[in-house]
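So for the sequence shown, our numbering puts the first residue at 733; every next one is plus one.
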Amino acid sequence: MASKSLGPFPKTYRFPDLVGGPADHVVHGLIGAYEGLTKDPQAVRAITFLVALVICSRAKDPVREMAERYGIEDVGTGLKGQLHRYAEEAHPAVRAAELTIRQVHQQVDSAALFEPDVWCPWRNFDGSAFCDLALLYFSNLNAQMFEEAGLGAQAVATAAKEFAIITRSFSARWFNACARYEAPAEGSIRWYLGHCLGKIDLELNRELSDWVEPEGNPWKRKRPNHNRSLL
733 MASKSLGPFP KTYRFPDLVG GPADHVVHGL IGAYEGLTKD PQAVRAITFL VALVICSRAK
793 DPVREMAERY GIEDVGTGLK GQLHRYAEEA HPAVRAAELT IRQVHQQVDS AALFEPDVWC
853 PWRNFDGSAF CDLALLYFSN LNAQMFEEAG LGAQAVATAA KEFAIITRSF SARWFNACAR
913 YEAPAEGSIR WYLGHCLGKI DLELNRELSD WVEPEGNPWK RKRPNHNRSL L
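Okay, here's the thing in structure tokens:
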């Protein structure tokens, strides 16, 4: 899990607003759930599927590339069928990936729907633009996690996106460093997922009633003062 982040990011709703009262018990439960996702093979498969869509869209035969490089086989039922064959359908991380795929397709304008290249929408996320796909996915994942924690209010959608914003810039940096000119291995994707979940975890910790925000940047080394008197 990540040990630091930018922030704190502004929030429209605080957890006591979402819960309707003291929220530490809910926040602690979510922190534990997110920590569990870092080691959950289904969560890794969900994010791997989305990364693979972008990476393999570069190939002349993306379907074959998905199968050979990531073991994601085409079952003739579209991306939803591929995803459910590759990962457990009922898992919140997998449901978030499915919703992300649906939203990406909905964002394609009507003219593009008639283009023969169905991989174009995924190729558009190559490079720094991957951060937009990541924001969409982690917003959906947060919504799934928040709803499972009993936060069924309409405000959840807003809160889910705001808690995902912290993953955006890091996602672009990771992709450009580890995936822009190569296909990242599962270990790299797992590390990326854990780091993003760690950033969300830190934002959740900021919701605890006893949280004290460190002043300045506690992780930055202090420069020695060479002009200080030795007396």
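C-beta atoms are modelled at their ideal positions from N, C-alpha and C, and glycine is treated no differently.
Asked	Found
Checking 7 angstroms against the spacing of the C-beta atoms, do Lys893 and Ser871 come in under that value?	yes
Mind checking whether Leu750 and Ala885 have CB atoms under 7 angstroms apart?	yes
Looking only at its chain, what residues have a beta carbon closer than 8 angstroms to the beta carbon of Val776, apart from the 5 residues adjacent to it on each side?	Glu918, Ile921, Arg922, Leu925
What are the boundary residues of the alpha helix (DSSP H) that includes Gly745?	The sequence shown places Tyr at residue 745, rather than the Gly named in the question. Careful: Tyr745 lies outside any alpha helix (DSSP H) and carries neither H nor E.
In the DSSP assignment, the alpha helix (DSSP H) including Phe878 goes from what residue to what residue?	862 to 880
In three-state DSSP terms, what is Pro950?	Low confidence applies to Pro950: its pLDDT is 42, below 50, so where it sits in the model is not reliable, and the reading given next is rough at best. Residue state, collapsed to three classes: coil.
Identify which residue in Leu811, Ile932, Glu880, Leu868 has its Cα closest to the Cα of His823.	Glu880
Which first and last residues belong to the alpha helix (DSSP H) in which Arg912 is found?	Looking at the DSSP string, Arg912 is not in any alpha helix (DSSP H), and its letter there is neither H nor E.
Which whole-angstrom value is the C-beta distance of Ala828 and Phe781, which I expect to be below 8 angstroms?	Contact doesn't hold; Cβ gap of about 11 angstroms is too wide.
Taking only the alpha-carbon atoms, compute the straight-line gap between Gly761 and Val888 and give it to the nearest angstrom.	16 angstroms
If I'm right that Ser789 touches Arg855 with Cβ under 8 angstroms, what's the distance once you round it to whole angstroms?	4 angstroms
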